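**Q** Chains A and R, in that order, are what the protein sequence lines are.
Going by our numbering, the final residue of the first sequence carries number 210, and the count climbs one at a time with no gaps.
Going by our numbering, the final residue of the second sequence carries number 210, and the count climbs one at a time with no gaps.
For glycine and all other residues, C-beta sits at the position ideal for the given N, C-alpha and C.
It should be emphasised that the depicted structure is a prediction, and the values quoted were computed from it without experimental measurement.
Have a look at this one.
2 protein chains.
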Amino acid sequence: MAKIKSNRNSTRKEVIITEAAKLFREKGFSATSMRDLAEHVGVEAASLYNHISSKAEILQEICFKVANLFMTHIEEVDSSPQSAIAKIEAILRFHIRQMIEHYEEVYVSDREWKHLTEPYMQNMQSQRRAYRQRIALVIEEGIRKGEIKAIDAPTAVLIMLHAVSGIESWHRSTKKIEGHVLEDNMVMILVEGLKK
Amino acid sequence: MAKIKSNRNSTRKEVIITEAAKLFREKGFSATSMRDLAEHVGVEAASLYNHISSKAEILQEICFKVANLFMTHIEEVDSSPQSAIAKIEAILRFHIRQMIEHYEEVYVSDREWKHLTEPYMQNMQSQRRAYRQRIALVIEEGIRKGEIKAIDAPTAVLIMLHAVSGIESWHRSTKKIEGHVLEDNMVMILVEGLKK
DNA sequence: AATTTTCGCTAACAGGTGTTAGCACTTTAT
DNA sequence: ATAAAGTGCTAACACCTGTTAGCGAAAATT
């Protein structure tokens, strides 16, 4: 009888979800089977169901945890008294750091959310749209105030957010530059590209 | 007896692959079944095998066709007598246009190549690495010549290429700006971000 | 020490997977 | 007109899918 939970301060459910995030990132949600997952957790497939209620639930937990993280952060930044360009930089840096530190879950949330079941998928879609819209508003504010060059704000948002997901290649590369160097480089290219 | 080929100048195999690209983009390679695909083509699943030899082959055709397209183009650009920054802009514009015009196949190639079977997956991985490397070399040339600011070249490549894949959101958005406006905006932000 | 809860196991399910065999009809080439 | 190739169908295969039922052992609670 193989027991889960070698890690002291995490529940068995958390162990399962963490391992699932790894597999979902490597092979995708659909291509990861519960038997796959079970094997990596060190348990039979059926035993997983003592801790989670379905495969779909695992994806939900990952996606909404990440979504909440970013939503909470953007609200904080948005209500702080900074210039628009400083806000954008703060948001960008937060994205980069999360992508570096919580790679698997952030990446999975970004790539696999379309496999959520209803009503979660609709919900996530709205949240994502709302999130991008908030950033776009900050950029438009920056344009009005003359801090940012006259570009299409939604396009700028799209570049920013997708550029960050490129950190995946960085993770997989053999000779990584330091995380903070990566961060500064990305900020330099993207934020300078926006400035007037 | 339902016949394929309503389009005059495309073989049945091409019709299948085009339809497969649509589905692979929407739901992912793994989540798309041959019965799914068959239904969209208007035929029984078994009939598909008169035109293709396996599901894996469809993905191979899509991925390598796209890879060859980009490889051919970069060779052309690379051997032309332009400044480094002009080369980067040319490559970027080509990516954007391909992503706009041949959306499904380019997108699928970029997102689903990990589901290729061996030895194709290794092959594709090498090709992708080589492709990024070529762009990085152009950027480093630009840095040496003082055209481009002193940044980490691989990071710049990663931003460029991933930013382009954000065009997916543009495709799905309801009120799209014009394609060439999108292109110019992306070039403005990204290329200006690189310039010294 | 007794009892309840937690958790892992085996076995099994109903339905989905990619794919093949074999046959009939239609289209093309001779 | 006849042969050959192309293309669709139905039926079936072996295997994989997520998930449930029911049982026994371990752990936690009383």
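Assign R:A60 to one of two classes, buried (16 or more other C-beta atoms within 10 Å of its C-beta) or exposed (fewer than that).
**A** It is exposed - the Cβ of R:A60 has fewer than 16 other Cβ atoms within 10 Å.
**Q** Does the stretch 189-197 of chain R come close enough to the stretch 197-205 of chain A to have 3 or more Cβ pairs within less than 8 Å?
**A** These segments do not touch.
**Q** R:K189 by DSSP, collapsed to three states: which one?
**A** Three-state result, R:K189: coil.
**Q** Short check: CB of A:E182 to CB of A:Y121, under 8 Å?
**A** Yes; because the gap between Cβ atoms is below 8 Å, this pair is in contact.
**Q** Closer than 7 Å between beta carbons: that is the criterion. Which residues of the stretch 36-48 of chain R meet it against chain A?
**A** Listed by position along the chain: G42, S44, A45.
**Q** Could you please give me the residues that DSSP links to A:K209 through a beta bridge?
**A** A:I162, per the DSSP bridge assignment.
**Q** Considering A:I99, what are the terminal residues of the alpha helix (DSSP H) in which it resides?
**A** Residues 98-115.
**Q** Closer than 8 Å, Cβ to any Cβ of chain A: which residues of the stretch 179-191 of chain R, in chain order?
**A** So the list reads S179, G180, I181, S183, W184, S187, I191, given in the order they occur along the chain.
**Q** In angstroms with no decimal places, state the Cα-to-Cα distance between R:L175 and A:G180.
**A** If I take the Cα positions, the gap works out to 8 Å.
**Q** Starting from the beta carbon of R:A177, find every residue of chain A whose beta carbon is closer than 7 Å, and list them in chain order.
**A** Ordered by position in chain A, the residues that pass the 7 Å Cβ test against R:A177 are I173, H176, A177.
**Q** Would you decide whether R:E132 is buried or exposed? Buried here means 16 or more other CB atoms lie within 10 Å of its CB.
**A** Burial call: exposed.
**Q** Identify whether A:H65 lies in helix, strand or coil by the three-state DSSP scheme.
**A** It is coil, neither helix nor strand.
**Q** Whose C-beta lies closer than 6 Å to the C-beta of R:A81 among residues of the same chain, with five residues either side of it excluded?
**A** If we look at R:A81 and ignore the five residues flanking it on each side, its Cβ neighbours are Q141.
**Q** Which value, in whole angstroms, describes the spacing of the CA atoms of A:M15 and R:S123?
**A** The predicted position of A:M15 is uncertain, since its pLDDT is 48 and thus under 50; a value taken from the coordinates is nonetheless stated next. Answer to the nearest angstrom: the Cα atoms are 43 Å apart.
**Q** Roughly how far, in whole angstroms, is the beta-carbon of A:I88 from the beta-carbon of A:R148, given that I think they are within contact range, below 8 Å?
**A** About 6 Å separates the two Cβ atoms, so the contact holds.
**Q** Determine the burial state of R:H109: buried for a count of at least 16 other Cβ atoms within 10 Å of its Cβ, exposed for fewer.
**A** Looking at its Cβ environment, which holds 16 or more other Cβ atoms inside 10 Å, R:H109 is buried.
**Q** Quick check: what's the CA-CA separation for R:E118 versus R:I191?
**A** If you take the alpha carbons of R:E118 and R:I191, they lie about 19 Å apart.
**Q** Taking Cβ-Cβ distances shorter than 8 Å, what residues in chain A pair up with R:V195?
**A** Residues of chain A passing the Cβ test: D166.
**Q** Along chain A, in chain order, which residues have C-beta atoms closer than 7 Å to that of R:G207?
**A** Here the neighbours are I203, L204, E206, G207.
**Q** In chain order, what residues of the same chain lie with their CB nearer than 7 Å to the CB of R:E33, ignoring the 5 residues before and after it?
**A** Around R:E33: L51, H54, V55.
**Q** Could you tell me the alpha carbon to alpha carbon distance between R:A150 and R:I157, rounded to whole angstroms?
**A** Approximately 10 Å between the Cα atoms of the pair.
**Q** Would you report the Cα separation of A:L130 and A:R111, rounded to the nearest angstrom?
**A** Using only the alpha carbons, I get a separation of about 25 Å.
**Q** Taking the straight line between their C-alpha atoms, what separation do you get for R:E154 and R:A70?
**A** Straight-line Cα distance between these residues: approximately 37 Å.
**Q** Would DSSP call R:V122 helix, strand or coil?
**A** DSSP places R:V122 in helix when its eight states are reduced to three.
**Q** Which chain R residues sit within Cβ distance under 9 Å of A:H109?
**A** The premise fails here: A:H109 is roughly 12 Å from chain R at the closest Cβ pair, so nothing lies under 9 Å.
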